[in-house]
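Just so you know, the working numbering puts the end of the sequence shown at 312, numbered straight through with nothing missing.
We treat Cβ as the ideally placed atom computed from N, Cα and C, and that holds for glycine.
Step one of this worksheet: look at the structure below.
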Amino acid sequence: MKVTVVGAGNVGATCADVLAYREIANEVVLVDIKEGVAEGKALDIFQKSPITLYDTRTVGVTNDYARTAGSDVVVITSGLPRKPGMTRDDLIETNAGIVKSVTENVVKHSPEAIIIIVSNPLDVMTYQAHITSKLPRAKVMGMAGILDTARYRAFLAEELNVSPKDIQAVLMGGHGDTMVPLPRYTTVGGIPVTEMIDEEKLNAIIERTKFGGGELVKLMGTSAWYAPGAAAAQMVEAILRDQRRVFPVCIKLEGEYGIEDCYLGVPVILGKNGVEKVIELDLNDAEKELMETSRVHVREVMEVLDKLKK
Numbered sequence: 003m004k005v006t007v008v009g010a011g012n013v014g015a016t017c018a019d020v021l022a023y024r025e026i027a028n029e030v031v032l033v034d035i036k037e038g039v040a041e042g043k044a045l046d047i048f049q050k051s052p053i054t055l056y057d058t059r060t061v062g063v064t065n066d067y068a069r070t071a072g073s074d075v076v077v078i079t080s081g082l083p084r085k086p087g088m089t090r091d092d093l094i095e096t097n098a099g100i101v102k103s104v105t106e107n108v109v110k111h112s113p114e115a116i117i118i119i120v121s122n123p124l125d126v127m128t129y130q131a132h133i134t135s136k137l138p139r140a141k142v143m144g145m146a147g148i149l150d151t152a153r154y155r156a157f158l159a160e161e162l163n164v165s166p167k168d169i170q171a172v173l174m175g176g177h178g179d180t181m182v183p184l185p186r187y188t189t190v191g192g193i194p195v196t197e198m199i200d201e202e203k204l205n206a207i208i209e210r211t212k213f214g215g216g217e218l219v220k221l222m223g224t225s226a227w228y229a230p231g232a233a234a235a236q237m238v239e240a241i242l243r244d245q246r247r248v249f250p251v252c253i254k255l256e257g258e259y260g261i262e263d264c265y266l267g268v269p270v271i272l273g274k275n276g277v278e279k280v281i282e283l284d285l286n287d288a289e290k291e292l293m294e295t296s297r298v299h300v301r302e303v304m305e306v307l308d309k310l311k312k
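Here you go:
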């Protein structure tokens with residue numbers, strides 16, 4: 003099995019490291035545009051293999067997509083962070099151009115690959131990759147829900163003083179402050195979370211989750227990378243090992259939840275073919291309203307990209 007990670011920054015390098023350490027693939031190719039960065043990080047990861055005992059080979063290349071040929075899964079983390087003075091539209095235009103170029107190269111050399119998008123703005127970059135690749139929607143998805151759900155579960159574990167392993171949760175919608183955590187589907191060792199924590203504390207955790215990325219930026223002056231990189235690697239593992247894990251991922255909706263032509267996070271079964279099935283939950287009226295708010299927000303961002311393409 004072969005995996006390519008495009009973008010050797012913090013997120014991409016972390017993803018490659020987790021893939022290697024867990025021996026999810028035989029070979030991991032790390033690609034970057036900056037000379038020597040991918041080569042150096044891939045070499046560093048492989049030099050760790052005798053210490054932590056894994057066989058996965060990590061290879062770094064500078065803009066050489068021929069080396070990625072035959073990849074089973076490609077993770078795209080490329081893109082620029084939003085800089086001072088840069089509007090949302092500027093960010094979308096810049097990163098959409100990067101994701102489009104990368105996707106074209108990926109499809110050229112690995113036409114059967116499943117593509118996972120980590121680049122931001124996540125939902126609209128998944129849209130860009132999907133229309134560029136012309137692949138079935140089941141093979142192009144965005145990583146956001148696993149990260150957001152992990153933050154939600156971690157905050158709950160901290161508050162309840164329990165193992166995060168015992169917390170299961172579902173989170174839907176867009177990646178950002180319109181995400182839709184669903185307390186009704188959150189359990190702690192099978193016990194509904196509402197029986198473990200009062201409403202006020204739970205709502206505070208939900209709000210903290212919505213702005214989880216921003217909290218880390220304020221603390222570090224840059225975006226997170228350990229959790230996002232590991233989340234992308236977990237998706238790769240589910241696909242390559244055909245685990246049929248139930249995860250929230252960003253995918254184009256085609257009628258599910260009454261939504262057409264919008265890229266939103268929903269629970270799916272993830273296996274060897276990518277998204278094996280979209281799971282439709284029976285949302286109540288309040289949850290449907292939150293989902294609609296998220297849909298409207300994501301559609302607005304998609305329309306920005308549509309206008310840029312004209």
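Opposing strand residues paired with residue i [DSSP bridges]
i      : result
Arg59  : Glu29
Tyr259 : DSSP output for Tyr259 lists no bridge partner at all.
Ile169 : Val190
Lys4   : Glu29
Asp34  : Thr64
Val76  : Thr6, Ile117
Met174 : Val182
Whole-angstrom C-beta distance between residue j and residue i, which should lie under 8 Å
i      : j      : result
Ile118 : Met145 : 6 Å
Phe249 : Ile148 : 5 Å
Leu184 : Met174 : 7 Å
Ala27  : Thr58  : 6 Å
Cys17  : Ala234 : 5 Å
Ser121 : Thr79  : 6 Å
Contact set for residue i: own chain, Cβ-Cβ below 8 Å, skip 5 residues either direction
i      : result
Thr134 : Val101, Lys102, Thr105, Glu106, Val109
Ala229 : Leu149, Ala152, Arg153
Ile94  : Pro123, Val126, Val303, Val306, Leu307, Leu310
His111 : Tyr67, Ala68, Thr70, Ala71, Gly72, Ser73
Leu2   : Since the first and last residues shown for the chain are 3 and 312, residue 2 lies out of range.
Beta-carbon proximity list for residue i, same chain, < 7 Å, skipping 5 on both sides
i      : result
Phe157 : Ile207, Arg210, Thr211
Asp168 : Val190, Gly191
Thr180 : Thr295, Ser296, His299
Glu258 : Val268, Val280, Glu282
Val39  : Ala10
Gln130 : Ala98, Val101, Lys102, Leu307
Tyr56  : Ala22, Tyr23, Glu25
Leu221 : none
Close Cβ partners of residue i (< 6 Å) along its chain, the five nearest in sequence each way excluded
i      : result
Thr6   : Val31, Thr70, Ser73, Val76
Thr64  : Glu37
Lys141 : Ile116, Gly276
Val251 : Met143, Gly147, Val270
Leu292 : Val182
Glu41  : Gly62
Glu278 : Ile271
Requested in this report: Taking 8 Å as the threshold, find out whether the segment 183-200 comes into contact with the segment 225-239 through three or more Cβ pairs.
Outcome: Three or more beta-carbon pairs separated by less than 8 Å are not found between the segment 183-200 and the segment 225-239, which leaves the two stretches without contact.
Query raised in the report: Are the segment 293-305 and the segment 257-269 touching by the rule of at least three beta carbon pairs closer than 8 Å?
Result: A contact exists between the segment 293-305 and the segment 257-269.
Query raised in the report: At a cut of 8 Å, does the segment 271-279 reach the segment 156-170 through at least three beta carbon pairs?
Result: Because the criterion of three Cβ pairs below 8 Å is not met, the segment 271-279 and the segment 156-170 do not touch.
Requested in this report: Can you check the segment 109-154 for any beta strand (DSSP E) of at least 3 residues that lies completely inside it and give the ranges in chain order?
Outcome: Correct list: 116-119, 142-144.
Requested in this report: At 4 residues or longer, and completely inside the segment 210-286: list those alpha helix (DSSP H) runs for me, N to C.
Outcome: Correct list: 214-222, 228-242.
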